[in-house]
Every structure is written in C-alpha cells, then in structure tokens.
Amino acid sequence: MRWLVLAAATGAIGCAGQLAEEQDGERNAAKRDCARFCSVKGAYDRWCKTNCAAGVSDASGDAGLADAGQTVDASEPADSDASPLRILDTSTTADTAVAAGDAGGIRDTGSDAGQSGACYGAACKPTGAPIGGGLGYPDIKSGGDYLVATPNELLSALAAARSGETVYVKSGAEIDLSDRHDITVGEGVTLAGDRGRNGAAGPRLFSRAMANSSVLLIAKARARISGLRIVGPDVANTDVRYSLSPFVKGSEEQSNAKAIGVRGADVLIDNNLISNFHRVGVDVGKGTTRLRIHHNELRDIHAYPVLVVSDTTPPIDIAFNRIHWIWHAIAGTGHQGTGYEARYNLFVAQPQPANWYSRGAHAFDVHPDPCIRAARDHYIAASTLTVHHNTFVNETGETTYEDAKFRGVPDVVAHLHHNRFANSDPAMAVSTRLDGSGQFEPGNLRVHDNLYAGKLIQTPPQALAQINFVNPPGPTCDLALLSGEVPIDVKISVQAPLSVRQVSFIVDGQTIFNGSQVPLPGAVTFNASALDHSRSYSELRVRVVDSRGLVSSHRTVFATQ
2 MRWLVLAAAT
12 GAIGCAGQLA
22 EEQDGERNAA
32 KRDCARFCSV
42 KGAYDRWCKT
52 NCAAGVSDAS
62 GDAGLADAGQ
72 TVDASEPADS
82 DASPLRILDT
92 STTADTAVAA
102 GDAGGIRDTG
112 SDAGQSGACY
122 GAACKPTGAP
132 IGGGLGYPDI
142 KSGGDYLVAT
152 PNELLSALAA
162 ARSGETVYVK
172 SGAEIDLSDR
182 HDITVGEGVT
192 LAGDRGRNGA
202 AGPRLFSRAM
212 ANSSVLLIAK
222 ARARISGLRI
232 VGPDVANTDV
242 RYSLSPFVKG
252 SEEQSNAKAI
262 GVRGADVLID
272 NNLISNFHRV
282 GVDVGKGTTR
292 LRIHHNELRD
302 IHAYPVLVVS
312 DTTPPIDIAF
322 NRIHWIWHAI
332 AGTGHQGTGY
342 EARYNLFVAQ
352 PQPANWYSRG
362 AHAFDVHPDP
372 CIRAARDHYI
382 AASTLTVHHN
392 TFVNETGETT
402 YEDAKFRGVP
412 DVVAHLHHNR
422 FANSDPAMAV
432 STRLDGSGQF
442 EPGNLRVHDN
452 LYAGKLIQTP
462 PQALAQINFV
472 NPPGPTCDLA
482 LLSGEVPIDV
492 KISVQAPLSV
502 RQVSFIVDGQ
512 TIFNGSQVPL
522 PGAVTFNASA
532 LDHSRSYSEL
542 RVRVVDSRGL
552 VSSHRTVFAT
562 Q
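Okay, so the sequence shown: first residue is 2 according to our numbering, each after it adds one.
So this is what it looks like as structure tokens:
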C-alpha cells in the first residue's frame with residue numbers, strides 16, 4: 002500500500018514566486034547559478050525546469066524531500082538495524098562566511114554545498130539580492146505621488162493617498178513621530194524610501210515616546226512599506242544597545258511598543274531596517290494572509306521581531322531577512338490554522354544582558370493553541386509551518402539556546418529541511434519539550450537533511466510520522482459530535498527513506514487496531530454510541546513506530562451520543 006506524501010509546498014510562495022518578482026538582471030544571475038541551488042531536488046523544481054532545465058531532474062512527489070519522486074511504502078520491511086541518525090560528515094566542506102557589512106545586509110562568501118551536492122542555509126538564496134536588503138536590492142522606489150519630509154507632510158499624504166498611490170519619503174529625511182501611533186498605510190497604498198539606492202541608509206521614521214503597547218504603523222490590505230529605517234522609542238533611540246534597555250518586569254522602559262502591525266491581505270514589508278522596539282517588529286495580526294516579509298533587517302527588538310497571532314492564514318512568507326534576536330526571532334501563538342514559511346533568513350542570537358529578568362530563549366517559538374489547551378490540556382502547535390534554507394548563528398557564548406521549539410504537535414505538519422542549525426545536538430536544534438513538564442510524545446514533524454553545527458543529519462529523531470485525521474475530524478476547540486459506527490480514516494506517512502513498522506489506533510485507552518501497515522480508509526471502525534457518555538470527551542490516539550523504532554503520536558477528541 003502506497004500513499005504519496007505531499008508536504009507543504011514551497012513553490013507557491015517560495016522560489017518560483019520570489020523570482021517572478023525580481024528584475025530581469027537578478028533572474029539572469031540566478032540562472033547562471035542554477036546548478037548550485039537547483040541541486041536541492043524538488044524545492045525549486047518548477048522554476049528549475051522552466052529556467053535551467055538542462056541537467057535538472059524531473060521531480061514528482063514531496064516538494065521538499067531530499068530524494069524527489071519517492072513515495073512512502075508502509076508495507077516495506079522494517080530495518081531493525083537502522084540507526085535513528087543518518088549522518089554525513091561535511092567537515093571537509095567549506096562553511097559559509099557571513100559578514101555583517103553595512104546596513105545593506107550581509108555578504109556571502111565561499112560554498113555552502115555539502116557532499117551530496119545539496120545546499121544548506123541562507124547562502125543558498127536563489128537571487129543576488131542581499132539578505133537583509135539595502136545596497137543591491139533590486140526593487141527600490143525612486144519617487145511617488147506624494148513627496149514628504151516632515152511629520153505633518155507624512156500624515157497628510159497618508160490620509161489623502163488612495164489605492165495604487167505612493168507616499169515617498171525624501172532621501173535623508175528624519176521624521177519625528179513621537180507620541181503618535183496607529184499611523185495607517187491605507188489599502189493599496191505604498192509608503193517607501195530609498196534604502197540601498199546608491200548606498201543610501203534610507204529615510205528615518207522614528208519615535209522617542211509611544212503609548213504602552215501601541216503600534217507605530219498599521220498596514221492595511223495590499224499596502225507596502227519599503228525602503229525605510231523605522232526606529233522605536235527604546236531608550237530614546239540609542240542605536241544598537243540591548244544592554245541599555247533591560248527587559249525588566251515593572252521597568253518604565255518596558256513600553257511594549259510595536260513597529261508595524263499588518264491588518265489585511267496581500268501586504269508587502271520589504272527592504273526596511275526596523276530597530277529599537279520593545280515588543281514586536283512586524284505584528285502579523287488578525288485577517289492577515291498572503292503576507293510577504295522579505296529582505297528586511299530587524300534588530301534591537303527585545304521580544305518577537307516577527308509575531309504571528311491568531312486568525313491569520315497562510316501563506317505568510319518570511320524570507321531573506323537578517324534578524325538579530327534575544328527573545329525569539331519568530332514567535333507564534335500556535336492557534337489552529339496558523340502557520341508560515343520561513344526561508345533564506347539569517348538568525349543571529351545576541352548575548353542577553355545580565356540585568357534582564359529572564360534568561361535562555363529559542364529562535365522559533367511555536368506555542369500551543371490556547372483554546373484547545375484550556376479546554377482539554379491538549380497541545381496543538383499551529384497547523385502548517387515550513388522552515389528551510391535558514392542559517393542560525395549563536396553569538397551568546399551559551400549552549401542553552403534552541404533553534405526551534407515546538408510546544409505541541411503541529412495540527413497538519415511542520416517541515417524543516419536544508420537549514421544550518423547552530424546546535425550540534427538535534428534535540429536542541431528542534432526541541433519538543435513542554436515548559437516544566439518534560440518531553441511529550443510528538444508527531445507531525447518532518448525534520449530532515451539539515452546541518453547541525455556543520456554536520457549533515459538526514460533523519461534525526463525529530464523526523465517523525467505525519468498523522469492527519471480525516472474521520473473522525475482533527476482536533477478543534479469545538480468538539481465534533483459522533484454516534485453509531487465510525488469508520489476511521491487517518492493519513493499516515495513517514496519521511497523517506499524511513500518506513501512504517503507499526504500502527505496503533507487507541508480509543509479511550511483501548512487498542513482497537515495494531516498492525517504493521519496503515520489500514521485502508523474505513524477498514525477499522527468503532528462504535529461511538531457504545532463509549533462512556535459520562536466522559537467530557539472521548540479520544541482517538543494514533544501511534545506510529547517507524548523503522549528506527551521511534552514513536553510518533555497524534556490524537557483527536559470528540560463528543561459522543
């Protein structure tokens with residue numbers, strides 16, 4: 002029995018979509034470098050076949066698997082001697098040197114290709130545009146419908162601008178927006194500056210005082226904010242000095258100020274330098290979808306340079322950014338249905354000042370859905386996340402920083418591949434620990450083909466089975482009501498080249514199926530009406546043992562009558 006696994010596709014908001022936006026010169030440069038990045042089969046398959054078909058294999062199947070075109074065969078014999086880790090030593094491969102450079106982003110030197118010919122980390126970016134934006138960024142505005150250089154001019158222009166119009170901030174302008182907040186960039190309006198043009202730093206919009214928990218700029222549907230320096234009120238804008246603004250409970254300096262709030266679909270935040278905000282750099286708010294946050298530099302944002310909250314819907318594309326962080330680089334509330342794709346970003350963990358009240362952090366923070374957790378102590382951590390070709394750098398001198406932390410089971414799947422993690426231990430690179438309650442039994446993590454402190458591990462312990470419920474339906478805050486005979490339909494797959502060794506279906510603690518293959522839809526049933534109706538809810542748990550002997554688990558709950 003074969004079930005073809007289709008992981009979260011990177012193509013729709015990945016390389017193909019990004020390349021379509023770049024200027025012809027950038028696309029041509031990417032073509033010349035085709036052999037380098039198209040060697041990662043599948044991830045760029047559609048673009049590669051169109052633009053540099055010679056020597057690029059045709060891939061069908063999982064868009065992110067290392068071996069394109071493979072299917073998962075649950076009937077394959079188990080490999081009893083298989084190691085939990087498949088490791089290739091890439092110590093002889095030149096690492097990527099990443100230099101800070103100027104405000105225009107980073108400079109990539111050397112090769113990031115491993116022995117397999119695949120490419121790992123942000124240096125694999127398929128265009129010549131610099132990570133972090135600035136000098137070399139191809140889409141810099143040179144003018145607009147309104148030219149502004151003062152606070153009143155800016156506010157008046159934004160109030161007057163209509164969809165399709167651009168408010169252009171004069172090169173070199175310094176606009177003081179102190180004591181102002183919720184400045185709206187209206188639907189279809191572009192607010193732009195010249196960051197990167199001929200080496201320009203970009204006009205500076207800054208605030209020395211903001212109301213507690215307020216947002217400086219609000220981007221409505223189809224708005225664009227581009228080419229600016231956006232500087233918040235932390236310690237009156239002292240430049241790049243985390244230690245001068247300690248994150249101390251009760252401190253007057255704890256403003257919770259946010260830079261940009263996204264409140265609508267099809268927003269573009271690109272080529273900005275965002276700094277000196279206490280709480281959030283880009284707040285991905287309710288109603289957001291088809292958002293692109295790319296080629297920005299975010300630093301001196303004490304908590305959450307990027308925050309994805311409830312009632313947002315993928316695609317949300319976070320790409321080609323340089324993010325210096327102390328308390329999480331990308332955080333998510335974990336609400337069911339939320340998710341994002343993070344690709345070709347550079348994440349730099351900064352030393353945490355001794356006077357901060359909390360120590361230790363992780364770059365990606367995926368919380369459990371608060372509604373499902375409160376109702377049933379059930380940990381569901383977002384729905385669909387794709388994290389690939391990112392570079393993680395640890396400048397803290399500490400070893401307690403995790404690269405990514407999942408505080409529950411992703412509802413659909415979290416797919417992490419071709420990243421350069423800072424940690425050498427896979428359990429620290431991708432953590433599945435609950436705060437204060439040890440390890441939980443996770444699933445729906447497709448973690449494969451990443452570098453761990455320079456060493457390639459193809460299938461780490463976090464390469465877990467993907468378990469998706471069709472019937473009964475997957476977990477939600479509201480319980481499904483079931484009665485009578487219920488046919489079970491669960492989609493189960495494991496990461497190639499692993500295979501399924503054992504599958505168990507457990508209803509309210511009783512095992513109703515235990516086999517070596519994934520049963521066909523409806524082949525296993527249970528009688529919901531015969532279950533104990535005095536329970537507040539019933540549970541179907543699915544446990545999968547792969548060919549390494551590692552266990553993955555996912556569960557759904559429902560009411561009965």
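Backbone N, C-alpha and C fix where the C-beta goes; we use that ideal spot for every residue, glycine too.
Open item on the list: I'd like the ranges of any alpha helix (DSSP H) spanning at least 4 consecutive residues and lying wholly in the segment 387-419.
Closed with: The qualifying runs do not exist here; there are none.
Open item on the list: Along the chain, where does the alpha helix (DSSP H) containing S157 start, and where does it finish?
Closed with: Residue range P152 to A161 is occupied by the alpha helix (DSSP H) that includes S157.
Task: the segment 514-533 / the segment 444-463 touching (three or more Cβ pairs under 8 Å) - done: Too few Cβ pairs lie closer than 8 Å, so no.
Task: Of the listed residues L482, V525 and V504, nearest to P488 (C-alpha basis) - done: When only C-alpha atoms are compared, the closest one is V525.
- [ ] Classify E486 as buried or exposed, calling it buried when 16 or more other Cβ atoms lie within 10 Å of its own Cβ.
- [x] Counting Cβ neighbours within 10 Å, E486 comes out exposed, since fewer than 16 surround it.
- [ ] Give me the Cβ distance between R542 and I507, rounded to the nearest whole Å; I'm assuming they're in contact under 8 Å.
- [x] Contact flag correct, Cβ pair sits at about 4 Å.
- [ ] Give a yes or no on whether the C-beta atoms belonging to F348 and A364 are separated by under 8 Å.
- [x] Against a cut-off of 8 Å, the Cβ pair of A364 and F348 comes out as a contact.
- [ ] Less than 8 Å between the CB atoms is what I'm expecting for V309 and T339, so what's the real figure, rounded?
- [x] With 8 Å as the limit, V309 and T339 qualify as a contact, their Cβ atoms being about 6 Å apart.
- [ ] Look at V471 and V491 and say whether their C-beta atoms are less than 8 Å apart.
- [x] In contact: V471 and V491 (Cβ atoms closer than 8 Å).
TODO: Could you tell me the distance, in whole angstroms, from the CA atom of A124 to the CA atom of G133?
DONE: Distance between the alpha carbons of A124 and G133 is about 12 Å.
Task: Own chain, CB closer than 8 Å to A376, minus 5 neighbours either side, in chain order - done: Exclusion of the five residues before and after A376 leaves C478 as the residues of its chain whose Cβ lies within less than 8 Å of its Cβ.
Open item on the list: Does A151 pass the burial test, meaning 16 or more other C-beta atoms within 10 Å, or should it be called exposed?
Closed with: Per the sequence shown, the amino acid found at residue 151 is Thr instead of Ala. With fewer than 16 Cβ atoms within 10 Å of its Cβ, T151 is classed as exposed.
- [ ] Indicate whether G194 and V232 have their beta-carbon atoms separated by less than 8 Å.
- [x] In this structure, G194 keeps its C-beta atom at 8 Å or more from the C-beta atom of V232.
Task: Contact belief for V545 with A466 at Cβ below 8 Å, rounded distance in angstroms - done: That belief holds up - the Cβ atoms of V545 and A466 are roughly 4 Å apart, short of 8 Å.
Open item on the list: Tell me the rounded alpha-carbon separation between L386 and I141.
Closed with: Going from the Cα of L386 to the Cα of I141 covers about 30 Å.
Task: Of the listed residues S425, S484, G516 and S500, nearest to Q562 (C-alpha basis) - done: Closest option to Q562, Cα to Cα, is S484.
Task: 6 Å Cβ shell around T397 - same chain, five flanking residues per side excluded - done: The answer, listed in chain order, is A350 and P352.
TODO: Since I believe T185 is in contact with V219 (beta carbons under 8 Å), could you give me their beta-carbon distance rounded to a whole number of angstroms?
DONE: Strictly speaking, residue 219 in this sequence is Ile, with Val absent from that position. About 5 Å separates the two Cβ atoms, so the contact holds.
Open item on the list: In whole angstroms, give me the CA-to-CA distance for F278 and G173.
Closed with: Their backbone Cα atoms lie some 21 Å apart in a straight line.
TODO: Could you check the C-alpha separation between G145 and F559 for me, to the nearest Å?
DONE: Rounded to the nearest angstrom, the two C-alpha atoms are 55 Å apart.
- [ ] Would you tell me roughly how many angstroms separate the C-alpha atoms of L457 and V552, rounded to the nearest one?
- [x] Each residue's Cα considered, the two are about 22 Å apart.
- [ ] Under 7 Å Cβ to Cβ from T167, same chain only, skipping five residues before and after it: list those, please.
- [x] For T167, where only same-chain residues beyond five positions count, the Cβ hits under 7 Å are K142, G145, D146, T191 and A193.
Task: beta strand (DSSP E) segment containing P369, residue limits - done: Neither: P369 is in no beta strand (DSSP E) and is coded neither H nor E.
Open item on the list: For the beta strand (DSSP E) containing P352, name the first residue and the last one.
Closed with: P352 -> no beta strand (DSSP E), and no H or E assigned at all.
Open item on the list: Classify A320: buried if its beta carbon has 16 or more other beta carbons within 10 angstroms, exposed otherwise.
Closed with: Label assigned to A320: buried.
Task: For D547, the three-state DSSP class (helix, strand or coil) - done: D547 falls in the strand class under three-state DSSP.
Open item on the list: In whole angstroms, give me the CA-to-CA distance for H416 and R293.
Closed with: Using only the alpha carbons, I get a separation of about 19 Å.
Task: Closest residue to Q511 among I317, P473 and F527 (Cα-Cα distance) - done: Nearest neighbour of Q511 by Cα position, chosen from I317, P473 and F527, turns out to be F527.
Task: Cβ pair A343, N273 closer than 8 Å - done: Not in contact: A343 and N273 (Cβ atoms no closer than 8 Å).
Open item on the list: For L521, count the other beta carbons within 10 Å of its own beta carbon; 16 or more makes it buried, fewer makes it exposed. Which is it?
Closed with: Exposed, since its Cβ has fewer than 16 Cβ neighbours within 10 Å.
TODO: State the beta-bridge partners of T191 as determined by DSSP.
DONE: T191 is bridged to T167 and R225.
TODO: Tell me whether R181 sits in a helix, a strand or coil according to DSSP, three-state version.
DONE: DSSP places R181 outside both helix and strand once states are collapsed to three, so it counts as coil.
Open item on the list: According to DSSP, A304 sits in a beta bridge with which residue or residues?
Closed with: Answer is W328, bridged to A304.
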